[in-house]
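To start, the structure itself, in structure tokens.
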């Protein structure tokens, strides 16, 4: 489903990493609170709607892909500039040019989810939202570079 809808992607990763899954279970997207996120995404990481009971009971995997595509169409997002999504009440999905890029983006997504969680421990939601404008400048020069520490975002082999 995702490969057909997003023909420029070559790899997809689905995890149940702690922080990104917590945001997905809370049915909240990840606001762009800082420049770390802006180096990888144009704005927020979206969260889909909750799948309906009949979508879960029948063709769950295909319907998960459908709700991701639906979210990107509704929000008019380019999957190349938004290489991840949180599926409401489920977990994170990330993609990239190939599987290695998708794994990297999944690691960055988890790091950003943890960073956002920590931000909200130190600032109120209103304070964090007010400061978010600093994180809305996507760095096209940074895209594709490995900006975060490799041991934080890459699995050990």
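Numbering (this note's numbering), first residue to last: 160 to 316.
Ideal placement from N, C-alpha and C gives every residue a C-beta, glycine not left out.
Every value quoted in this text rests on a predicted model; they were computed, and no experiment measured them.
For residue i, which residues in the same chain have their Cβ closer than 6 Å to its Cβ, ignoring the five residues on either side in sequence?
{"i": "residue 228", "result": "164"}
{"i": "residue 199", "result": "267"}
{"i": "residue 161", "result": "171, 224"}
On the DSSP bridge assignment, give the partners of residue i in chain order.
{"i": "residue 253", "result": "172, 243"}
{"i": "residue 236", "result": "Looking at the DSSP assignment, residue 236 forms no beta bridge with any residue, so it has no partner."}
{"i": "residue 204", "result": "189"}
Grab me the residues of residue i's own chain with a C-beta within less than 8 Å of its C-beta, minus the 5 sequence neighbours each way, in chain order.
{"i": "residue 234", "result": "205"}
{"i": "residue 188", "result": "182, 203, 204, 205, 206, 245"}
Taking Cβ positions, are residue i and residue j nearer each other than 8 Å?
{"i": "residue 209", "j": "residue 230", "result": "no"}
{"i": "residue 261", "j": "residue 172", "result": "yes"}
Please list, in chain order, all residues of the same chain as residue i whose beta carbon is under 7 Å from its beta carbon, the five residues on each side excluded.
{"i": "residue 253", "result": "172, 242, 243, 261, 264, 265, 268"}
{"i": "residue 174", "result": "250, 251, 265"}
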